[in-house]
Amino acid sequence: MVQVEVSAVVAAAEQLTLAGQWGVARSLLAATQPLDPAEARSVALALAEVSVDEDFARQTQTGAPALAALGRALELLPDTTIRWDAELLHLRSDYAPALFGGAAELGPALVARAVTLRDTAPDDGRAGMAAFYAGVIADNLLRDADLAFAQYTEALKRGESAPHDLVVSLALRHLGDHAHTSGDLQLARAQWERSTELRQKVGHLLGTLAQQTLLCVLLKDEGNIQGSQALAAEVHRWAGQAGLPFIEKQTAEMLA
Numbered sequence: 009m010v011q012v013e014v015s016a017v018v019a020a021a022e023q024l025t026l027a028g029q030w031g032v033a034r035s036l037l038a039a040t041q042p043l044d045p046a047e048a049r050s051v052a053l054a055l056a057e058v059s060v061d062e063d064f065a066r067q068t069q070t071g072a073p074a075l076a077a078l079g080r081a082l083e084l085l086p087d088t089t090i091r092w093d094a095e096l097l098h099l100r101s102d103y104a105p106a107l108f109g110g111a112a113e114l115g116p117a118l119v120a121r122a123v124t125l126r127d128t129a130p131d132d133g134r135a136g137m138a139a140f141y142a143g144v145i146a147d148n149l150l151r152d153a154d155l156a157f158a159q160y161t162e163a164l165k166r167g168e169s170a171p172h173d174l175v176v177s178l179a180l181r182h183l184g185d186h187a188h189t190s191g192d193l194q195l196a197r198a199q200w201e202r203s204t205e206l207r208q209k210v211g212h213l214l215g216t217l218a219q220q221t222l223l224c225v226l227l228k229d230e231g232n233i234q235g236s237q238a239l240a241a242e243v244h245r246w247a248g249q250a251g252l253p254f255i256e257k258q259t260a261e262m263l264a
């Protein structure tokens, strides 16, 4: 039997998750044999992350067992930081069906949870991620553009301070949305292109394709219909192969 440090397995699973290889990440973690409660807790956290991330990408709701297992691991061996991570995963798990189901009435409570997580985060990277979720929930469920913009700005500040490339990318994506809505196509392009670069840097497949979809919109707005269609066709093909239905649907509409 080959022995591998649990930390190395968890790091590999994180990269596989970013790459949209959730099944491979889950199988790798499931094959791991923790030697103590701390290692078991690390594996449980990683498995919950895989499930929550896949649920959002594929619009499914399968993460409850993994989140429950993480809760049991924390009962056995409590940890403040991992408890915070678990609460963020619960927030993400609750937000996804509210977003895709149009449950706007859940927005105020979800934003409040995100703000609490932001204010209790153990570091800037985590605070930035929580601020991002406060912003995106305010945007998509509350339709409160001012609150959303303030939270994205805070997320960007915290992400740059950490530094945390994914948080910076998420903040720039949505700040770019606001620039685009206001008609500032130059700023939108700068923010969206930087967001795309950062997602490519960390190997985030879903995020990169989502960003390229926005660049399709921008190309069309700039009058480059041919370029927009060409990029949309490529993103559509890739999203279909990766099993990312909402990106596949968005790009199909662009090609219609």
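Position in the sequence shown (from 1) plus 8 gives the number in my numbering.
We put the CB at the ideal spot given by N, CA and C, even for glycine.
These figures come from a predicted structure and were not determined experimentally.
- Apart from the five residues on each side of it in sequence, which residues of its chain come closer than 8 Å, Cβ to Cβ, to Pro-130? As a first step, residue 130 must be located in the sequence shown, where it is residue number 122. Short of 8 Å from the beta carbon of Pro-130, and not among the five residues preceding or following it, lie these beta carbons of its own chain, in chain order: Thr-88, Thr-89 and Trp-92.
- Message: Please report the straight-line C-alpha distance between Phe-157 and Leu-183, rounded to a whole angstrom.
- Response: By 1-based counting over the sequence shown, the position of residue 157 is 149. By 1-based counting over the sequence shown, the position of residue 183 is 175. One C-alpha to the other measures close to 7 Å.
- Could you check how far apart the C-beta atoms of Ser-203 and Gln-219 are, in whole angstroms? I think they sit under 8 Å. For this step, residue 203 is matched to residue 195 along the sequence shown. For this step, residue 219 is matched to residue 211 along the sequence shown. Between Gln-219 and Ser-203 the Cβ distance is about 5 Å, and since that is below 8 Å, they are a contact.
- Item | Beta-carbon proximity list for Ala-77, same chain, < 6 Å, skipping 5 on both sides | One-based indexing of the sequence shown puts residue 77 at position 69. Here the set comprises Ala-52.
- Task: Would you kindly work out how many angstroms separate the C-alpha atoms of Leu-36 and Val-58, rounded to a whole number?
- Result: Numbered from its first residue, the sequence shown carries residue 36 at position 28. Numbered from its first residue, the sequence shown carries residue 58 at position 50. C-alpha of Leu-36 to C-alpha of Val-58: approximately 11 Å in a straight line.
- Query: For His-98, does the three-state DSSP call read helix, strand or coil?
  - Reply: Along the sequence shown, read from residue 1 onward, the residue named residue 98 stands at position 90. Looking at His-98 - three-state DSSP - the assignment turns out to be helix.
- Does the Cβ-Cβ distance between His-172 and Leu-26 come in under 8 Å? Working through the sequence shown from its first residue, we reach residue 172 at position 164. Working through the sequence shown from its first residue, we reach residue 26 at position 18. Result no, Cβ atoms of His-172 and Leu-26 do not sit closer than 8 Å.
- Query: Sorted by chain position, which residues of the same chain lie with C-beta nearer than 7 Å to Ala-146's C-beta, five sequence neighbours on each side aside?
  - Reply: On the sequence shown, position 138 is the one that residue 146 refers to. Val-119, Asp-152, Leu-155, Ala-156 and Gln-159, listed in sequence order.
- Under the assumption that Val-14 contacts Pro-42 (Cβ atoms under 8 Å), give the Cβ distance between them as a whole number of angstroms. Taking the first residue of the sequence shown as 1, we reach residue 14 at position 6. Taking the first residue of the sequence shown as 1, we reach residue 42 at position 34. Going by Cβ atoms, the distance from Val-14 to Pro-42 rounds to 6 Å, so yes, they are a contact pair.
- Under 8 Å between C-beta atoms of Trp-200 and Leu-178: Within the sequence shown, residue 200 is the residue found at index 192, counting from 1. Within the sequence shown, residue 178 is the residue found at index 170, counting from 1. Result no, Cβ atoms of Trp-200 and Leu-178 do not sit closer than 8 Å.
- Query: Is Gln-29 helix, strand or coil when you go by DSSP?
  - Reply: Within the sequence shown, the letter at position 21 stands for residue 29. In the structure shown, Gln-29 sits in coil (DSSP, three-state: anything other than H, G, I, E or B).
- Message: Taking 6 Å as the limit between beta carbons, can you name the residues of its chain near Glu-62, skipping five residues before and five after?
- Response: Locating residue 62 in the sequence shown gives position 54, where the first residue counts as 1. Within the same chain, Trp-30 come within 6 Å of Glu-62 by CB-CB distance, once the 5 residues on both sides are set aside.
- Query: To which residues of the same chain is Leu-114 closer than 7 Å at the C-beta, ignoring the five residues directly before and after it?
  - Reply: For the purposes of this step, residue 114 is taken as the residue at position 106 of the sequence shown. Cβ within range, chain order: Ala-106 and Leu-149.
- Verify whether the separation of the beta carbon atoms of Ala-94 and Val-123 is less than 8 Å. Position 86 of the sequence shown, counting from 1, holds the residue named residue 94. Position 115 of the sequence shown, counting from 1, holds the residue named residue 123. No. Outside cutoff.
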